[in-house]
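See structure below.
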Ligand code: GLN
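So, in structure tokens, the structure goes:
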């Protein structure tokens, strides 16, 4: 038996020594014990040896900069929980803006495509909020496995399939959304350990200038979007102008939406 307070102290010390905010100890304890942080009885709870070992194991992983989402294999996005693993990008808060904006355009019964779906969090969040026909594709079979699991857990009306960008996509859509890889190849290696060590490179690397996938989408979009359709994509914090330039020749209107940090984040394209 071991007092939770002691485990908490040990955990905080270990995290601080690894340069990680010691307050994360409480998040890890909360996840591990399945008790909301505010309800954890820190001064009275006794832990079993097994619980102690399990917590210390997770603290050690966090000390190696594994993100909490990857340690517990779950993440919250748009108000619900998703399973994740090392084969998918951990859902980012920033990406909720893509869903929020997409939902402004999607009407019931629309055909919607989510390219580069990863964990499926964007497609599923859309399907949970509007009764549309949502398809989700990804080049990675391992990512698709995660997406399919999430679709099942949420009972979401989403059809997920493997496709290298548009390769296996059929027909035209009212709305296409995508959070493609958009980090410049050279910049990937400079990202924080949490990202470069634990998010899949394939989900981050957008080629030399980070824009490869936007060019690919721009080249093919007319074949996959209905005439009055809308394309919404997440972009990097400084890519607004470059992405606008890429879509200039195929678009009748391009809007760049800023996120809560005032960075470029979502591009909305009408063709
Ligand atoms: N937003 C992610 C990051 O900053 C990158 C996601 C992406 O490339 N689509 O790490």
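Residue numbers (the working numbering): 448 to 718. Note that beta-carbon positions come from the ideal geometry of N, C-alpha and C, so glycine has one too.
Residue 668, buried or exposed, once every other Cβ within 10 Å from all chains shown has been counted against 16: Residue 668 comes out buried.
Collapsed DSSP secondary structure at residue 631 in the structure displayed: Under the three-state reduction of DSSP, residue 631 is assigned to coil, being neither helix nor strand.
Spatial distance of residue 701 from residue 680 (CA atoms): Going by the C-alpha atoms only, they are around 11 angstroms apart.
Beta-carbon proximity list for residue 647, same chain, < 8 angstroms, skipping 5 on both sides: Cβ neighbours of residue 647 beyond the five flanking positions: 533, 534, 535, 536, 587 and 590.
Any non-hydrogen atom of the ligand GLN within 7 angstroms of residue 539 CB: Checking the Cβ of residue 539 against the ligand GLN gives yes.
Inter-residue Cα distance where the pair is residue 453 and residue 487: Their backbone Cα atoms lie some 14 angstroms apart in a straight line.
Residue 613 in three-state terms, based on DSSP: Correct three-state label for residue 613: coil.
Residue 506 versus residue 704: straight-line alpha-carbon distance, rounded: Going from the Cα of residue 506 to the Cα of residue 704 covers about 38 angstroms.
Proximity to residue 627 [Cα-Cα], best of 599, 617, 644 and 658: The residue with the shortest Cα to Cα distance from residue 627 is 658.
Residues bridged to residue 550 [DSSP beta-bridge criterion]: Note: residue 550 sits in no beta bridge, so no partner.
Straight-line gap, residue 468 to residue 462 (C-alpha atoms, nearest Å): Each residue's CA atom was taken as its position, placing residue 468 and residue 462 some 7 angstroms apart.
DSSP bridge partner residues for residue 510 (one or two, in chain order): According to DSSP, residue 510 bridges with nothing at all.
Cβ pair residue 582, residue 560 closer than 8 angstroms: At the C-beta level, residue 582 and residue 560 come within 8 angstroms of one another.
CB contact flag (residue 623, residue 580, <8 angstroms): No, Cβ-Cβ distance for residue 623 and residue 580 is not below 8 angstroms.
Identity of the residue in 557, 573 and 556 nearest residue 564 by Cα: The residue with the shortest Cα to Cα distance from residue 564 is 573.
Residues near residue 464 by beta carbon distance below 8 angstroms, same chain, minus five either side: So the qualifying residues of the chain are 510.
Distance between residue 485 and residue 640 (C-alpha atoms, nearest Å): Straight-line spacing of the CA atoms in residue 640 and residue 485 works out to 29 angstroms.
Secondary structure of residue 639, DSSP reduced to three states: It is coil, neither helix nor strand.
Backbone CA spacing between residue 666 and residue 477 [nearest angstrom]: Rounded to the nearest angstrom, the gap between the Cα atoms of residue 666 and residue 477 is 47 angstroms.
Length-filtered (4 minimum) alpha helix (DSSP H) runs lying within the region 466–528: Within the region 466–528, the runs of alpha helix (DSSP H) at least 4 residues long that lie entirely inside it are, in chain order, 471–480, 496–510 and 515–519.
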